[in-house]
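Read the structure below first, then the notes.
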Amino acid sequence: MITESLVLSAILFVIGTFGVLVRRNAIIMFLCIELQLNAVNLSLVAFSRMWGIEGQLFVFFVMTVAAAEAAVGLAIIISIFRHYETVNVDSFNLLKW
Amino acid sequence: MSILFYVFAGLAIGGAVGVVMAKSPVGSLLFMVTTLAAMAGTFVLLEAHFLAAIQIIVYAGAIMVLFLFVIMLLNLGHDYQKDLRGGAFAVLSFGVIGGIAGLLARQLGATGSLSGPGAGAIDAAIAEHGALGAIAEPLYTTYVVPFEITGILLLVAIVGALVLAKREV
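Quick look at the structure:
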């Protein structure tokens, strides 16, 4: 069960990484980052079956940070959208040389 | 038990692929809710009942609704343009994820079947304190300082989100 969960976690993390790399829509990239966070949560829960309840506490903290990150990240996306009228990350090239 | 795990795993992976491949952001979001619900199921199978409930309430409920609100607010629901990067970049991405997947598979294959003292300890704690008490007891004793700092983090996040998102007056 633990090994299967770790494999599932690895697969989900890889899919999330792929999503961040290939999508251009900032909101979907953000969703994929959430997917990566969730994959790590799953592996922490699986490891807590090996080493004790601390893994689950860690997941609790990760979820809190993810909620904070979602709020701030979406605020940044809204504020960028006001300037550029798009969420396509290819348009945000001010820092590109 | 095992069958149920594979059902949830299939749902989670299918949903994750849907998140990456869906054309519209709303479709992506609904696939993400599927993935989160399936992962809550695997949490239950791993005896993390409190986290499964939190996963549904906070993640699938609150955070996904926040995303949906932003999509609605920015009127991106009709954004059906194809936005997958093509060509060399996709090949490079496949290389990167192939590398990560290979490393993970190698590591997991080397360790074989995993077990440890945690399962017994958690089952004993759940039997003694209940599913909620098992996680609450260490949270409010040993880890009470990080827990309080979490409150400060949320406050800062609220203020930061307001400052970033409000219109300049």
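Chains as they are written, first to last, in the working numbering: chain A, 343 to 439; chain B, 1349 to 1517.
Heads up, the beta-carbon is just placed ideally off N, CA and C, and yes, glycines get one too.
No experiment lies behind these values; they were computed from the predicted model shown.
N435(A) counts as exposed, since fewer than 16 other beta carbons sit within 10 angstroms of its beta carbon. The beta carbon of S390(A) falls within 8 Å of a beta carbon belonging to chain B, placing the residue at that interface. A residue is called buried once 16 or more other Cβ atoms fall within 10 Å of its Cβ, and N383(A) is buried on that count.
Counting along the chain, N380(A) sits inside the alpha helix (DSSP H) bounded by residues 368-393.
In this model, L1393(B) and A388(A) are separated by some 10 Å (Cα to Cα). In the structure shown, R1454(B) adopts helical secondary structure according to DSSP, grouped into three states. Annotated three-state conformation of R365(A) is strand, per DSSP. Note: N430(A) is bridge-paired with N367(A) in the DSSP secondary-structure output. Close to V414(A), with beta-carbon spacing below 8 Å, are these residues of chain B in chain order: A1505, G1508, A1509, L1512. Note that the C-beta distance between A1360(B) and L354(A) is below 8 Å. Taken in chain order, the whole alpha helix (DSSP H) runs of length 4 or more contained in the segment 1455-1511 of chain B are 1466-1488. About 6 Å separates the beta carbon of F1415(B) from that of L1377(B), a gap short enough to meet the 8 Å contact definition. R1515(B) carries a coil assignment under DSSP once its states are collapsed to helix, strand and coil.
For Q398(A), the nearest beta carbon of chain B is closer than 8 Å to its own beta carbon.
Neighbours of S433(A) in chain B, taken as residues at a C-beta separation under 9 Å, are lacking, since the least C-beta distance is about 11 Å. Using a Cβ-Cβ cut-off of 9 Å, G1464(B) is close to I344, F389, R391, M392, W393, G394 of chain A, given in chain order.
In its chain, beyond the 5 residues on either side, T1383 have a beta carbon closer than 7 Å to the beta carbon of A1364(B).
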